[in-house]
Amino acid sequence: MSSWSSERVTLQGRLRAVTAGRLATVVLVAILLGTFARPLIDPAGRELLVWALAVHLVVQMLAVFITSEARFQRVTIEVTLLADVGVLAVLSAVTGGVASPMTALLVTEVVAVTLLFGRWTGLRASLLCTLAVAWLLVTSPHALDVAADAARETDVATGLALVPSIRAILLLAAIWATALTTGWLTGFIERDLRRRTEDLTLLREVTPHLDPRQGADAVAGSLAELLVVRLGHRASAVWLSSGDRLELRGAAPATDELDDTDRDGLALALDEEVVASALSSGDVHPVRRDDPRPEVLVEHFGERAPLVLVPLGIDGDVVGLVAVEVAARFGRGPTLRVREVRLLRMLAEQASMLLENARLQTELADQAVTDAVTGLPNHRYLQQRLGEELERVARGEDRGEARSLSVALLDLDHFKVVNDTYGHPTGDRVLAAVARAAQQTLRGSDVVCRYGGEEFALILPETGVEAARLACERVREAVSSLRLTAIDGRTLPPVTISIGVATLEGHAVDRATVLARADEALYAAKDGGRDRVVHDADQIVNLT
767 MSSWSSERVT LQGRLRAVTA GRLATVVLVA ILLGTFARPL IDPAGRELLV WALAVHLVVQ
827 MLAVFITSEA RFQRVTIEVT LLADVGVLAV LSAVTGGVAS PMTALLVTEV VAVTLLFGRW
887 TGLRASLLCT LAVAWLLVTS PHALDVAADA ARETDVATGL ALVPSIRAIL LLAAIWATAL
947 TTGWLTGFIE RDLRRRTEDL TLLREVTPHL DPRQGADAVA GSLAELLVVR LGHRASAVWL
1007 SSGDRLELRG AAPATDELDD TDRDGLALAL DEEVVASALS SGDVHPVRRD DPRPEVLVEH
1067 FGERAPLVLV PLGIDGDVVG LVAVEVAARF GRGPTLRVRE VRLLRMLAEQ ASMLLENARL
1127 QTELADQAVT DAVTGLPNHR YLQQRLGEEL ERVARGEDRG EARSLSVALL DLDHFKVVND
1187 TYGHPTGDRV LAAVARAAQQ TLRGSDVVCR YGGEEFALIL PETGVEAARL ACERVREAVS
1247 SLRLTAIDGR TLPPVTISIG VATLEGHAVD RATVLARADE ALYAAKDGGR DRVVHDADQI
1307 VNLT
């Protein structure tokens, strides 16, 4: 969906929301004025009020039906705004003028319009409300002046509060103060959301460079380079945990020192004061100029370089440590802005997971648990990794944190026909193609395993129900788009898959239970006609 289409859909939703709110408010006020609040209405204004309510109803109902047309949306905002302020002015005029309790709805209108359509629409609403207040001042009942004069004889403050001109001034002050304050707050929130969206976009762009399948050293090197090239820091270095120390595995600008024979001299001890402080804080940790620095940091960055240390870890386990030299900006000294701190936190969290994934994948290679046909981890690794992820969910549960985990089982539809018709070598080719499609579609932190036969298993860490559905749907679509040929060159029919998904949110179970739930969902997908994703939604354990 293009940004223009997204904006149109968003505007359509906001128009419908404010229209529904306006209609509900006016209907409620009309009911009140037609029942126990009926004495508030000036008899001379009843007919005007009926006509105003009728016009307002027609305009708002038309707005509901034409908001889907992009070319009418801006006009609809202005017309409905004019109609709403108009009916509120009439309501106020026939129930006491500037002394009417209905004038508070003018302030509500300004707030709603500013929040939904921005400060400039809010200012236009304030101008319309100003005209409405001026009209109310002219049409205010003469009895209000009489009441003000009478009240001043016994209570000067009350008498002045009843003077129409003073009430109008106070109402205008409330309207404009509300408009300006709401507009400023709206702009502030929009800027913050825009920055956060930009941060997430940047994170999404850089994450593919941290592919755990390339190994932990490659991820560390890419992370160091990204901190300098994309985030603009002067220099960076990445140390990864190795037993009771941290070993330098990546640096930017690049250095020739990262040789296995020299890593002893580049390692950081976990008990170094500044290192221990950073790891215990679990957050971006600035290094003061007078802090004692390990010799490795001094050699790499200099004795008084402005540094921050960013710990990498998962669930309290140390994965590594990042050191960043902050650059001077715009003629000022080295500074680290709030947004940069937020980006470092986000990148550290993502990098920690990917580095841990890289470590586990390295262990996988060392244990020789790779399926020969697809190149995927086999059933043994699935059981090991699933157990680790379930332990992570359980640890989060013990700390009161709702960690999510989704597991999916994927089965090729009518795969026996492929083997019987085209031969087992072609069947193996299909299995390998499906494996590649699944790996390329999912995140680097996700795990695809060969479960057995024509079945695959997917482990999706930190993935809730809807995200799991979408991820599996993308895998299904990627597989269905494959165009494969048999060993003898014949074109194969489209490959389709059925997927069953189970999600844990906040509460861990054993491996057999979660796999059984995914298997039941897979059978439901098969029984439902195949080539589909079915989620075991009714059995989700959700403690959030």
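Once you know that position 484 of the sequence shown is 1250 in the numbering used here, the rest is easy, because the numbers rise by one and skip nothing.
Built from N, CA and C at the ideal position, the CB exists for glycine as well.
Beta-bridge partners of V1299 (DSSP): I1265. With a cut-off of 8 Å on Cβ pairs, the region 1047 to 1055 is not in contact with the region 959 to 977, counting fewer than three such pairs. If you check the CB distance, W950 and R890 do not come in under 9 Å. When Cβ pairs closer than 8 Å are counted between the two stretches, the region 1229 to 1240 is seen not to touch the region 1144 to 1161, the count staying below three.
Closest option to F883, judged by alpha-carbon separation, among T948, I1263, P1060, G1219: T948. Contact annotation, L854 with A898: C-beta distance approximately 7 Å; criterion of less than 8 Å satisfied. In this structure, the straight-line span from the alpha carbon of R1059 to that of A1035 is close to 12 Å. D1083: member of the beta strand (DSSP E) spanning 1083 to 1091, first to last residue. DSSP places L1075 inside the beta strand (DSSP E), whose first and last residues are 1073 to 1080. Taken through DSSP and simplified to helix, strand or coil, F1222 comes out as strand. Within the region 935 to 1022, the alpha helix (DSSP H) runs of at least 4 residues that lie entirely inside it are, in chain order, 982 to 995. A distance of 9 Å or more separates the beta carbons of V1159 and A982. Under the three-state reduction of DSSP, R1216 is assigned to strand. In this structure, the alpha-carbon of S866 lies about 14 Å from that of I935. Under the DSSP assignment, P1052 falls in the beta strand (DSSP E) whose first and last residues are 1051 to 1053.
Taking each of L1142, V841, F954, G1193 in turn and checking the Cα distance to L881, the smallest one comes out for F954.
In the three-state reduction of the DSSP assignment, T1136 falls in the strand class. Contact between the region 1253 to 1266 and the region 1190 to 1199 is established, with three or more Cβ pairs separated by less than 8 Å. The residues R1158, R1161, in chain order, have a CB closer than 7 Å to that of D1081 in the same chain once the five nearest residues on each side in sequence are set aside. T1187 and S1007 have their C-alpha atoms roughly 52 Å apart.
Of the residues assessed, Q1116 falls on the buried side of the cut-off, its CB having 16 or more other CB atoms within 10 angstroms.
Comparing alpha-carbon positions, the option among L1109, S1170, G1166, N1144 lying closest to E1155 turns out to be S1170. Counting along the chain, the unbroken beta strand (DSSP E) around L1178 starts and ends at 1170 to 1178. Three or more beta-carbon pairs separated by less than 8 Å link the region 1216 to 1226 to the region 1136 to 1144, which places the two stretches in contact. Here T1101 is exposed, its C-beta having fewer than 16 other C-beta atoms within 10 Å. In this chain, R804 is not harboured by any alpha helix (DSSP H), its DSSP state being neither H nor E. The straight-line gap separating the alpha-carbon atoms of V1040 and D1057 is approximately 7 Å.
DSSP, reduced to helix, strand and coil, places E1271 within a strand of the structure shown.
Beta-bridge analysis with DSSP links T1257 to T1251. If you ignore the 5 residues before and after L1270, its C-beta comes within less than 7 Å of the C-beta of V1159, S1170, L1171, V1280, V1307, all in its own chain and listed in chain order. Counting of Cβ neighbours within 10 angstroms places W817 among the exposed residues, the total staying below 16. For the pair of segments examined, the region 1287 to 1303 was found to touch the region 1256 to 1269: the number of CB pairs separated by less than 8 Å reaches three. As DSSP reads the structure, A1114 sits in no beta bridge. Beta-bridge pairing by DSSP links P1143 to T1136. With contacts defined as CB atoms closer than 9 Å, L871 and L893 fail to qualify as a contacting pair.
With distances taken between CA atoms, V1245 lies nearest to A1199 out of L1258, A1199, S1043.
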